[in-house]
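These notes concern the structure reproduced below.
Numbering (this note's numbering), first residue to last: 4 to 271.
Okay, here's the thing in structure tokens:
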């Protein structure tokens, strides 16, 4: 019994030791990785995250400091340049778009005259990086959280005709989703692309809490342009079909429901 127990203990010890050993990197990477230390990583992060770089925004002095640092590291380690004209850099065209202070939003409810909303307290608009001027007149339709994942048994667009309409969605999230799934499906770009896929021409992101502040990027929105001059990457651009994206306050959301046959307390 003692021998069997001892063997059993040794077996458990060996299994535990084996499980604790980290996986070996591929053979081709072992030599390069042996030249990298935790101190190297820390030094790079400390420099690039230093306050003197002031966020490293493109076109700023802090950004240039970061570029010079990375290029110097490449040269020090003998990395061959593969950028434009034999350099380590690649030209990327950026566009910064702003919303004019005079932007307007008007509501036409079933009964009564048009209602003009006030920019800032009632609504804000993200600039459209693909159009210098945007004018959209379209009916509104409520689409819950703006999530469409029928493969997971959840679809706010099921039975909803969003084609040619401005979709109103709340910036909340379904609790039944795992964290990773919830984060992806409530991501702003995912919500916009989902609306565009269902034919919407615009999205209004509605606050539910009365104290919520509406986003209004004072520095504009930066987009990456492709070689053809069209928008290639943007956090607030869901495609050419989606022409207007904005946010509305909780009070404005209730005004919208005031003209609809929907019980606000039931859907919020």
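Yeah, the Cβ is synthetic: ideal placement off N, Cα and C, and Gly gets one too.
Query: Could you pull the start and end residues of the alpha helix (DSSP H) that residue 261 belongs to?; Result: 253-261
Query: If you follow the alpha helix (DSSP H) that residue 170 is part of, which residue opens it and which one closes it?; Result: Here residue 170 belongs to no alpha helix (DSSP H); instead the beta strand (DSSP E) covers 169-173.
Query: Expressed to the nearest angstrom, what Euclidean distance is found between the alpha-carbon atoms of residue 14 and residue 74?; Result: With a pLDDT of only 43 at residue 14, under the threshold of 50, the placement of this residue in the model should not be trusted; the figure read from the coordinates follows. Roughly 52 Å between the two C-alpha positions.
Query: Give the single residue among 112, 132, 83, 94 whose Cα lies nearest to the Cα of residue 100.; Result: 132
Query: Determine the direct distance from the alpha carbon of residue 49 to that of residue 257, and round the result to whole angstroms.; Result: 48 Å
Query: With C-beta atoms as the reference, is residue 157 less than 8 Å away from residue 201?; Result: no
Query: Quick one: what does DSSP say residue 204 is sitting in, helix, strand or coil?; Result: coil
Query: For residue 130, is the classification buried or exposed, using 16 other Cβ atoms within 10 angstroms of its Cβ as the cut-off for buried?; Result: buried
Query: Any contact between the region 183-193 and the region 225-236? By contact I mean 3 or more CB pairs, one from each, below 8 Å.; Result: no
Query: Indicate whether residue 211 and residue 173 have their beta-carbon atoms separated by less than 8 Å.; Result: yes
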